[in-house]
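Participant:
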Ligand SMILES: [Zn+2]
Ligand SMILES: [Zn+2]
Ligand SMILES: [Zn+2]
Ligand SMILES: [Zn+2]
Ligand SMILES: [Zn+2]
Ligand SMILES: [Zn+2]
């Protein structure tokens with residue numbers, strides 16, 4: 001933005017900045033992870049001890065951990081029930097890794113359990129390839145002497161080639177592993193890993209075990225794969241489907257991807273999954289109406305010259321007439337830095353204006369667009385903020401060499417960028433959330449929180465767009481660090497309040513959409 | 001290897017075809033494309049009709065299931081009422097197909113489907129709806145369509 005920095009701070013904000021202890025320059029705050037809230041230190045103590053209400057307990061598992069978990073369970077069942085490890089593995093998969101239920105059922109009716117799991121009665125010894133005189137393979141119809149064949153304990157015998165090709169088809173083409181049955185029509189016998197090793201090449205064996213690991217995670221209700229592309233980790237979290245109207249379980253993988261354990265979408269706090277689903281569907285259905293919004297250019301409300309938005313900040317200054325306005329509501333920017341700030345709230349017109357159906361539908365569209373605009377704008381701005389950061393980072397490197405600043409000294413920009421990303425992500429979803437809220441005191445409080453966070457984020461975003469030589473200025477650096485920690489703090493307050501109300505079931509939903 | 005199995009199956013089907021079914025090759029030089037003529041089962045509204053089907057054995061047969069489509073239009077919840085005549089039938093789903101399954105099993109499964117439609121697994125929703133709610137009207141429509149297309 002090319003305006004002067006004449007942003008007015010609200011008195012409340014100044015207070016906070018004065019009495020917060022400025023330790024946000026510590027290395028701790030430079031991480032890429034979820035920013036630690038930087039509260040005044042009495043509050044900070046509390047936060048460190050208590051879990052924040054909107055935090056979810058979870059554990060990240062790496063591929064090795066996942067394998068080890070399965071092996072441990074298999075070993076246990078192998079010892080307790082005194083059955084082969086291959087069979088223990090099949091039984092566990094059949095019981096979706098519920099060890100207790102498996103052992104209980106097996107103690108009661110071992111025969112039935114084995115049969116149901118595809119481990120019916122034995123007719124032969126340990127798996128081996130055999131040459132049987134007079135054998136004809138029922139799949140390929142070959143009967144040449146010396147043909148090697150294989151049968152599992154069910155006794156259904158096929159030539160080794162056909163068996164191998166069948167397994168290849170199942171594993172490679174169909175991605176099946178845990179539930180591969182005997183090739184015999186109607187036979188439910190499940191193939192075990194030892195038999196597999198006899199019949200296929202080692203790369204297929206590896207693929208098979210990879211797939212088994214997959215099913216292990218997919219079979220467990222409390223486990224999910226990290227949806228980030230190329231990430232092999234899984235997350236364990238105790239949140240059940242039925243809890244999803246009370247909590248928004250955001251989890252963070254070690255790969256840094258933050259996502260919702262409930263629906264696997266990227267972090268959408270504070271909005272609950274159900275609402276997110278509804279909102280996304282609505283946006284998709286109404287995409288035509290809303291399409292123009294993502295446009296990156298608008299006209300100056302005063303002189304009508306075209307203005308392009310190329311940073312995340314919503315404070316626009318017309319190059320031609322120097323008019324300062326808000327990109328979101330096109331209103332005067334001077335009103336935005338004060339307690340008059342009302343950009344986030346949708347003012348419902350009095351009912352008398354909207355009597356006929358047409359007027360009503362216009363009002364409802366306006367209402368939707370108010371929220372959609374802001375939702376889409378924060379998404380867009382987050383991207384633009386990131387672009388700015390990438391550019392700034394490059395310049396910073398040259399600046400570092402010029403000014404002799406150390407790498408650690410310029411990390412405050414990294415922290416600021418990260419705060420902008422997470423806060424805009426949160427702000428984005430506050431608009432979807434607010435769209436579904438009924439008008440009441442609670443909603444007003446929510447909007448006040450939203451307003452505080454939004455104002456702080458826009459202020460930070462604006463500082464962030466300063467030219468590099470200004471950024472290196474010690475005073476601005478302190479301001480950016482303060483604003484960064486203030487943004488993080490406002491975000492925590494908003495999320496905590498919203499989560500508490502959600503957990504207590506006190507939000508009232510609007511019925512006009 | 002595939003060739004031997006297919007030839008054997010073909011010989012068996014030609015020698016002892018399942019009741020109500022005739023089989024011949026679309027093109028004598030290609031054992032992968034079979035032409036099937038299926039009689040509408042006696043206890044169904046398709047009785048009296050002769051339905052042509054095309055059965056294609058993929059190169060991976062019998063590790064992959066055959067593909068089969070109605071060439072004759074048929075009014076049935078589980079068969080698309082268009083030029084494709086696609087159908088949805090359990091035995092042909094890759095998770096149910098076993099390499100030891102035989103083509104006559106597939107053909108009898110289709111005959112069974114004509115006798116007992118599975119409306120909950122329908123490809124033609126309107127037809128399924130009618131089958132469930134007004135069996136008489138469904139039978140009538142099926143008989144008329146059989147007369148019209150399957151002569
Ligand atoms: Zn064979
Ligand atoms: Zn078997
Ligand atoms: Zn990950
Ligand atoms: Zn979710
Ligand atoms: Zn202007
Ligand atoms: Zn505004």
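Residue numbers (UniProt numbering), protein chains in the order written: chain C, 1 to 513; chain E, 1 to 151.
Even glycine gets a Cβ: it sits at the ideal position worked out from N, Cα and C.
(1) Starting from residue 70 of chain C, find everything on chain E with Cβ-Cβ shorter than 8 Å and list it in chain order.
(2) In whole angstroms, what separates the C-alpha of residue 464 of chain C from that of residue 480 of chain C?
(3) Using DSSP with H/G/I as helix, E/B as strand and the rest coil, what is residue 256 of chain C?
(4) At which residues does the alpha helix (DSSP H) containing residue 215 of chain C begin and terminate?
(5) Suppose the cutoff is 7 Å on Cβ atoms and the five residues either side in sequence are ignored; what does the same chain contact list for residue 269 of chain C look like?
(6) Spell out a yes or no on whether the segment 412 to 424 of chain C and the segment 486 to 493 of chain C are touching, meaning 3 or more CB-CB pairs, one atom from each, closer than 8 Å.
(7) Could you say which of C:477, C:79, C:128 lies nearest to residue 414 of chain C if we only look at CA atoms?
(8) Between the segment 33 to 50 of chain E and the segment 108 to 123 of chain E, do three or more beta carbon pairs fall short of 8 Å?
(9) Identify the contact partners of residue 138 of chain C in chain A, using a Cβ-Cβ distance below 8 Å as the criterion.
(10) Starting from residue 94 of chain E, find everything on chain C with Cβ-Cβ shorter than 7 Å and list it in chain order.
(11) Which residues of chain E have a Cβ atom closer than 8 Å to the Cβ of residue 166 of chain C, listed in chain order?
(12) Do you know how far the Cα of residue 332 of chain C is from the Cα of residue 343 of chain C?
(13) Quick check on the contact list: which residues have their beta carbon closer than 5 Å to a heavy atom of ligand 4?
(14) Please report the straight-line C-alpha distance between residue 187 of chain C and residue 95 of chain C, rounded to a whole angstrom.
(15) Taking three-plus beta-carbon pairs below 8 Å as touching, is the segment 232 to 241 of chain C in contact with the segment 179 to 199 of chain C?
(16) Does DSSP put residue 27 of chain E in a helix, in a strand, or in coil?
(17) Distance, Cα to Cα, residue 150 of chain E vs residue 76 of chain E?
(18) Got a sec: does ligand 2 put a non-hydrogen atom nearer than 7 Å to the Cβ of residue 70 of chain C?
(19) Note down, in chain order, every chain C residue with its Cβ under 9 Å from the Cβ of residue 60 of chain E.
(20) Taking 8 Å as the cut-off, decide whether the C-beta atoms of residue 107 of chain E and residue 18 of chain E are in contact.
(21) Given that a residue counts as buried once 16 or more other Cβ atoms are within 10 Å of its Cβ, and exposed if not, what is residue 294 of chain C?
(22) Taking residue 219 of chain C and residue 90 of chain C to be in contact with their CB atoms under 8 Å, please state how far apart those CB atoms are, rounded to whole angstroms.
(23) What residues from the segment 180 to 199 of chain C come within 9 Å of chain E, judged by C-beta to C-beta, listed N to C?
(24) Give the straight-line distance between the Cα atoms of residue 32 of chain C and residue 406 of chain C, rounded to the nearest whole angstrom.
(25) Could you name the residues of the same chain whose beta carbon sits closer than 7 Å to that of residue 152 of chain E, not counting the 5 residues immediately before and after it, in chain order?
(26) Expressed to the nearest angstrom, what Euclidean distance is found between the alpha-carbon atoms of residue 503 of chain C and residue 246 of chain C?
(27) Going along the chain, which residues of the segment 210 to 226 of chain C sit with their C-beta nearer than 7 Å to a C-beta in chain E?
(28) Going by the CB atoms, is the gap between residue 283 of chain C and residue 302 of chain C shorter than 8 Å?
(29) Closer than 7 Å from C-beta to any heavy atom of ligand 3: which residues, in chain order?
(30) Classify residue 555 of chain C: buried if its beta carbon has 16 or more other beta carbons within 10 angstroms, exposed otherwise.
(31) For ligand 1, I want to know if residue 158 of chain C counts as a neighbour, meaning its beta carbon is within less than 7 Å of at least one of the ligand's heavy atoms.
(32) Cβ closer than 7 Å: which chain C residues qualify as neighbours of residue 8 of chain E?
(33) Where does residue 444 of chain C sit, in a helix, a strand or coil, going by DSSP?
(34) Under 8 Å, with one C-beta from each stretch per pair, do the segment 141 to 155 of chain C and the segment 2 to 9 of chain E reach the 3-pair mark?
(35) With a threshold of 7 Å, establish whether the CB of residue 132 of chain C neighbours any heavy atom of ligand 1.
Facilitator: Straight from the coordinates:
(1) Counting from one through the first chain, the residue named residue 70 of chain C turns up at place 70. Under the 8 Å cutoff, chain E gives no residues; its nearest Cβ is about 23 Å from residue 70 of chain C.
(2) Position 464 of the first chain holds residue 464 of chain C. Position 480 of the first chain holds residue 480 of chain C. Computed Cα separation, rounded: 8 Å.
(3) Within the first chain, numbered from 1, the residue matching residue 256 of chain C stands at position 256. Three-state DSSP puts residue 256 of chain C in coil, outside helix and strand.
(4) On the first chain, position 215 is the one that residue 215 of chain C refers to. Where residue 215 of chain C is concerned, the enclosing alpha helix (DSSP H) stretches over 202 to 219.
(5) Here residue 269 of chain C refers to the residue found at position 269 of the first chain. Excluding residues within five positions, the ones whose Cβ falls inside 7 Å are 54, 248, 250, 426, 429, 495.
(6) yes
(7) Position 414 of the first chain, counted from the start, is the residue given in the question as residue 414 of chain C. Checking every option, the nearest Cα to that of residue 414 of chain C belongs to C:477.
(8) yes
(9) Of the protein chains in this structure, namely C and E, none is chain A.
(10) Counted from its first residue, the second chain places residue 94 of chain E at position 94. By Cβ distance, chain C contributes 174.
(11) The residue labelled residue 166 of chain C in the question sits at position 166 within the first chain. The contacting residues are 63, 99.
(12) The residue labelled residue 343 of chain C in the question sits at position 343 within the first chain. The residue labelled residue 332 of chain C in the question sits at position 332 within the first chain. Going from the Cα of residue 343 of chain C to the Cα of residue 332 of chain C covers about 10 Å.
(13) C:260, C:262, C:263, C:273
(14) The residue given as residue 187 of chain C occupies position 187 in the first chain. The residue given as residue 95 of chain C occupies position 95 in the first chain. Their backbone Cα atoms lie some 19 Å apart in a straight line.
(15) no
(16) As a working note, residue 27 of chain E is residue 27 in the second chain. Looking at residue 27 of chain E - three-state DSSP - the assignment turns out to be strand.
(17) Residue 150 of chain E sits at position 150 when you count from the first residue of the second chain. Residue 76 of chain E sits at position 76 when you count from the first residue of the second chain. Between residue 150 of chain E and residue 76 of chain E, the C-alpha separation is close to 13 Å.
(18) Here the question's residue 70 of chain C lines up with position 70 in the first chain. No, ligand 2 has no heavy atom inside 7 Å of this Cβ.
(19) Your numbering for residue 60 of chain E matches position 60 in the second chain. Here the neighbours are 165, 169, 173.
(20) Reading the second chain from its first residue, position 107 is the one you call residue 107 of chain E. Reading the second chain from its first residue, position 18 is the one you call residue 18 of chain E. Against a cut-off of 8 Å, the Cβ pair of residue 18 of chain E and residue 107 of chain E comes out as a contact.
(21) Taking the first residue of the first chain as position 1, residue 294 of chain C is located at position 294. Because the pLDDT of residue 294 of chain C is 49, which lies under 50, any placement of that residue in the model is unreliable, and the number read from its coordinates should be weighed accordingly. That one is exposed.
(22) Within the first chain, the letter at position 219 stands for residue 219 of chain C. Within the first chain, the letter at position 90 stands for residue 90 of chain C. Contact doesn't hold; Cβ gap of about 13 Å is too wide.
(23) 181, 182, 183, 184, 185, 186, 187
(24) The count along the first chain starts at 1 and reaches residue 32 of chain C at position 32. The count along the first chain starts at 1 and reaches residue 406 of chain C at position 406. Any reading at residue 32 of chain C must be qualified, since the residue scores a pLDDT of 41, below 50, and its modelled position is unreliable; no value is offered.
(25) The structure shown does not extend to residue 152 of chain E, since chain E spans only 1 to 151, so no value can be given for it.
(26) Residue numbering aside, residue 503 of chain C sits at position 503 when the first chain is read from its first letter. Residue numbering aside, residue 246 of chain C sits at position 246 when the first chain is read from its first letter. In a straight line, the C-alpha of residue 503 of chain C is about 5 Å away from that of residue 246 of chain C.
(27) none
(28) Here residue 302 of chain C corresponds to residue number 302 of the first chain, with the count starting at 1. Here residue 283 of chain C corresponds to residue number 283 of the first chain, with the count starting at 1. No, the Cβ-Cβ distance between residue 302 of chain C and residue 283 of chain C is not below 8 Å.
(29) C:226, C:228, C:231, C:233, C:253, C:254, C:255, C:257
(30) Chain C is shown only over 1 to 513; residue 555 of chain C falls outside these bounds and no answer can be derived.
(31) Position 158 of the first chain, counted from the start, is the residue given in the question as residue 158 of chain C. Flag set: Cβ of residue 158 of chain C near ligand 1.
(32) Taking the second chain and counting its residues from 1, the one referred to as residue 8 of chain E is at position 8. In chain order: 141.
(33) By one-based count along the first chain, residue 444 of chain C stands at place 444. In the structure shown, residue 444 of chain C sits in a helix (DSSP, three-state: H, G or I).
(34) yes
(35) As a working note, residue 132 of chain C is residue 132 in the first chain. No - ligand 1 has no heavy atom lying nearer than 7 Å to the Cβ of residue 132 of chain C.
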